[in-house]
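Engineer: Take a look at the following structure, please.
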Amino acid sequence: MTRTLITGGLVITATDEIHADVLIEDGRIAALAATGSQEWSADHVIDASHKYVIPGGVDAHTHMELPFGGTFASDTFETGTRAAAWGGTTTIVDFAVQSVGHSLREGLDLWHAKADGRCAIDYGFHMIMSDVNDRTLKEMDHLVSEGISSFKLFTAYPGVFYSDDGQILRAMQRAGSNGGLIMMHAENGIAIDVLVQQALARGETDPRYHGEVRHALLESEATHRVIRLAQVAGAPVYVVHVSAQQAVTELARARDEGLPVFGETCPQYLFLSTDNLAEPDFEGAKYVCSTPLRPREHQASLWRALRTNDLQVVSTDHCPFCFVGQKELGRGDFSKIPNGMPGVENRMDLLHQAVLDGHISRRRWIEIACAAPARMFGLYGKKGTLAPGADADVVIYDPAAEQTMSAQTHHMNVDYSAYEGKKVTGQVETVLSRGELVIDRREYVGRAGHGVYLPRSVSQYLG
Ligand code: URP
Ligand code: ZN
Ligand code: ZN
Ligand code: ZN
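As structure tokens, this is what we get:
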């Protein structure tokens, strides 16, 4: 039996802040006790004095190696999970993709093959359903029973990932009976495609028009629609990458009605804006993602919703494309810019900065970044908290360290940082995954293949 002891830190979970020592045995948390109150012996002692001891982050929305717009997201499972660990995230839930005309199983097998033996941290999968039909609806039941308990559908991207309202309703009905959770990308893609063609015909080709055609009202309309479809189906729904204030209003209204409606936002919507999309010399392409960045005024309602629990989770939607050679595919036509932004390494730090800025409390930081995503996607107890029996996925976090975010120093396989030059206070010092060191005092000591696949239970958020 190997024993590791973390002493002297401030242990922060979603519910508590306690000065405590943490004993790890064979990859799991064995016990916590008031600092210095126990005479525990250990093979390895980590001094966490003046540091926070927090659960490893759970990023429930990543796209390693996602095929999109004729290219692939530039982080592999190897590079992306290593970068995640550098940023204090010890679990990702990535999206396996079913392609039209193929089975869910084929998509899932492909994603297992991409990830197997390559990850530095543990990982699970959601399933993107691009083709809802009798056969794939039946497959959903099998997937839920083997740990793929959430399914993403799209009201956007006609011809690629898009499902019509009937398909969405049927998938929700199925989820209502098999315990799965439907995740919705909520934007009116049919209307957006008309506006895209009209904008291009007017010669509006710069990245900033990506934000203009993907109107906030087309996010809130689709959000409203998927909420009501879920209500009719008698199923819960989780809306991904919420960016518009009007969409938050729809979620809040539905929750006030008592509906099992949930939502996530992402750091890019909390810290960046249409000002970035409007950067000259095609630099705005770095910030093209969907839903798009919004005018700065939307941020206050996102922060408020994170405080009031109208939004429960902050994930990254990490989907990096290099500026050179990938984002550049859309020079002269913003609709050809691959959609997505890097961020898996930045999330915990940006949200810690939000604590310092007064947007959220320390415990809320851990709730929205660790505990809630774990509970939402059936990993809680094992992941998302520090308690006896939980996996020893632990981050020693230095709340006073100062850093400047930059592509020069980050570990994501992408040639720019969305937060280039941003100064934040707080930095990951040491990371353990199931009791094994992955980052040791800012040195990477992990290995590809340490991370294991995590079959997930159904959502634990529903009661
Ligand atoms: O722009 C984004 N979000 N790219 C990834 C795919 C998605 O819709 O989440
Ligand atoms: Zn096939
Ligand atoms: Zn999406
Ligand atoms: Zn995504």
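In this text, residue positions in the sequence shown follow my numbering: the first is 64, and each later residue adds one.
Virtual Cβ for every residue (Gly too), placed ideally from N, Cα, C.
Predicted model only: the values in this text are computed from it and were never measured.
My output table needs one value for residue 214: the three-state DSSP class, helix, strand or coil.
Structural biologist: Within the sequence shown, numbered from 1, the residue matching residue 214 stands at position 151. In this structure, residue 214 counts as strand in the three-state DSSP scheme.
Engineer: Decide yes or no for the touch test of the stretch 401-411 against the stretch 362-379: beta carbon pairs closer than 8 Å, at least 3 of them.
Structural biologist: Under the three-pair Cβ rule at 8 Å, the stretch 401-411 counts as touching the stretch 362-379.
Engineer: Could you pull out every residue in the same chain whose Cβ sits closer than 8 Å to the Cβ of residue 231, ignoring the five residues on either side in sequence?
Structural biologist: Taking the sequence shown and counting its residues from 1, the one referred to as residue 231 is at position 168. Hits under 8 Å: 195, 216, 218, 245, 247, 289 and 292.
Engineer: Residue 137: beta carbon under 7 Å from a heavy atom of ligand 3?
Structural biologist: On the sequence shown, residue 137 is found 74 positions in, with the first residue counted as 1. Result no, Cβ not under 7 Å from ligand 3.
Engineer: Give me the Cα-Cα distance between residue 422 and residue 366, rounded to the nearest whole angstrom.
Structural biologist: Taking the sequence shown and counting its residues from 1, one reaches residue 422 at position 359. Taking the sequence shown and counting its residues from 1, one reaches residue 366 at position 303. Those two C-alpha atoms are separated by around 6 Å.
Engineer: Cα-Cα, which of 465, 113, 466 and 427 is closest to residue 529?
Structural biologist: Lying before the first or after the last residue shown, residue 529 is absent from the chain, which here runs from 64 to 526.
Engineer: Please report how far the alpha carbon of residue 243 lies from the alpha carbon of residue 298, in whole angstroms.
Structural biologist: As a first step, residue 243 is located in the sequence shown; it is residue number 180 there, counting from the start. As a first step, residue 298 is located in the sequence shown; it is residue number 235 there, counting from the start. Cα to Cα, the separation comes out at about 9 Å.
Engineer: According to DSSP, simplified to helix, strand and coil, what is residue 422?
Structural biologist: Looking up residue 422 in the sequence shown gives position 359. In this structure, residue 422 counts as coil in the three-state DSSP scheme.
Engineer: Can you tell me where the beta strand (DSSP E) with residue 125 in it begins and where it stops?
Structural biologist: Counted from its first residue, the sequence shown places residue 125 at position 62. Unbroken beta strand (DSSP E) run through residue 125: 120-125.
Engineer: Between the Cα of residue 91 and those of 66, 75 and 254, spot the shortest distance and give me the residue it belongs to.
Structural biologist: Start at 1 with the first residue of the sequence shown, and residue 91 comes out as number 28. Closest by alpha carbon: 66.
Engineer: Would you decide whether residue 189 is buried or exposed? Buried here means 16 or more other CB atoms lie within 10 Å of its CB.
Structural biologist: By one-based count along the sequence shown, residue 189 stands at place 126. The residue is buried, with at least 16 neighbouring Cβ atoms inside 10 Å.
Engineer: Should residue 349 be labelled buried (16 or more other beta-carbon atoms within 10 Å of its own) or exposed?
Structural biologist: By one-based count along the sequence shown, residue 349 stands at place 286. Around the C-beta of residue 349, 16 or more other C-beta atoms lie within 10 Å, and the residue is accordingly described as buried.
Engineer: Could you compute how far the alpha carbon of residue 499 sits from the alpha carbon of residue 251?
Structural biologist: The residue labelled residue 499 in the question sits at position 436 within the sequence shown. The residue labelled residue 251 in the question sits at position 188 within the sequence shown. Here the C-alpha atom of residue 499 lies approximately 45 Å from the C-alpha atom of residue 251.
Engineer: Could you tell me which residues DSSP pairs with residue 109 in its beta bridges?
Structural biologist: For the purposes of this step, residue 109 is taken as the residue at position 46 of the sequence shown. In the DSSP output, where bridge partners are listed per residue, residue 109 has 69.
Engineer: With hydrogens ignored, establish whether the beta-carbon of residue 100 is closer than 7 Å to any heavy atom of ligand 3.
Structural biologist: Stepping through the sequence shown from its first residue, residue 100 is reached at position 37. The answer is no for residue 100.
Engineer: Can you round the beta-carbon distance between residue 441 and residue 519 to whole angstroms, since I take them to be within the 8 Å contact cut?
Structural biologist: On the sequence shown, position 378 is the one that residue 441 refers to. On the sequence shown, position 456 is the one that residue 519 refers to. The beta-carbon distance between residue 441 and residue 519, rounded to whole angstroms, is 4 Å. This is short enough to meet the 8 Å contact definition.
Engineer: Under 7 Å: does the beta carbon of residue 353 sit that close to some heavy atom of ligand 1?
Structural biologist: On the sequence shown, residue 353 is found 290 positions in, with the first residue counted as 1. It does: the Cβ of residue 353 is within 7 Å (strictly closer) of some heavy atom of ligand 1.
Engineer: Among the residues of its own chain, which have a CB less than 7 Å from the CB of residue 410, if the five just before and after it don't count?
Structural biologist: Mapped onto the sequence shown, residue 410 falls at position 347. So the list reads 120, 122, 150, 152, 330, 377, 379 and 432, once near-sequence residues are dropped.
Engineer: Going by CA-CA distance only, name the one from 180, 525, 303 and 354 that's closest to residue 439.
Structural biologist: To locate residue 439, count along the sequence shown from 1; it is residue 376. Checking every option, the nearest Cα to that of residue 439 belongs to 525.
Engineer: Between the beta-carbon of residue 372 and the beta-carbon of residue 142, is there less than 8 Å?
Structural biologist: The residue given as residue 372 occupies position 309 in the sequence shown. The residue given as residue 142 occupies position 79 in the sequence shown. Not closer than 8 Å, so no.
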